[in-house]
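Q: First residue of the sequence shown: 0, per numbering that gives the first Met the number 0; consecutive thereafter. The beta carbon of each residue, even a glycine, is placed where N, CA and C say it ideally should be. As the structure is a prediction and not an experimental result, all values here were calculated from the model.
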Amino acid sequence: MLMRQIRESTSKFVKIRCPKCKNEQIMFGKASSKVLCLVCGKTLAEPGGGKSRVKARILEVLA
């Protein structure tokens with residue numbers, strides 16, 4: 000029996016909290032566009048050559 004290896008993805012989803020309004024939301028760790036807060040519109044993350052530059056508090060890394 001032939002076993003194939005399946006590569007595990009290195010990209011994760013991240014739960015973050017807005018520093019302005021304390022809203023919690025989930026974003027992709029390698030977002031290629033600006034991530035805004037869904038409540039107040041503050042910029043939470045900006046794209047940065049691979050991984051995003053997060054400007055909010057990271058609460059949890061989701062698998």
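Starting from Ile25 and walking both ways along the beta strand (DSSP E), at which residues does that stretch end?
A: Counting from one through the sequence shown, the residue named residue 25 turns up at place 26. Glu23 to Phe27 is the extent of the beta strand (DSSP E) around Ile25.
Q: For the putative contact between Lys11 and Glu23, defined by C-beta atoms under 8 Å, what is the C-beta separation to the nearest angstrom?
A: In the sequence shown, the residue the question calls residue 11 occupies position 12. In the sequence shown, the residue the question calls residue 23 occupies position 24. Wrong, their Cβ atoms sit about 16 Å apart, outside the cutoff.
Q: Beta carbon of Ala44, beta carbon of Ser51: below 7 Å?
A: For the purposes of this step, residue 44 is taken as residue 45 along the sequence shown, with counting starting at 1. For the purposes of this step, residue 51 is taken as residue 52 along the sequence shown, with counting starting at 1. Taking 7 Å as the cut-off, the Cβ atoms of Ala44 and Ser51 count as close.
Q: Rounded to the nearest angstrom, how far is the Cβ of Cys20 from that of Val34, given a contact under 8 Å?
A: Numbered from 1 along the sequence shown, position 21 holds the residue referred to as residue 20. Numbered from 1 along the sequence shown, position 35 holds the residue referred to as residue 34. With a Cβ gap of about 14 Å, Cys20 and Val34 do not count as contacting.
Q: Taking 6 Å as the limit between beta carbons, can you name the residues of its chain near Arg56, skipping five residues before and five after?
A: Locating residue 56 in the sequence shown gives position 57, where the first residue counts as 1. Shown here for Arg56: same chain residues with a beta carbon closer than 6 Å to its own, the five before and five after excluded, namely Arg16 in chain order.
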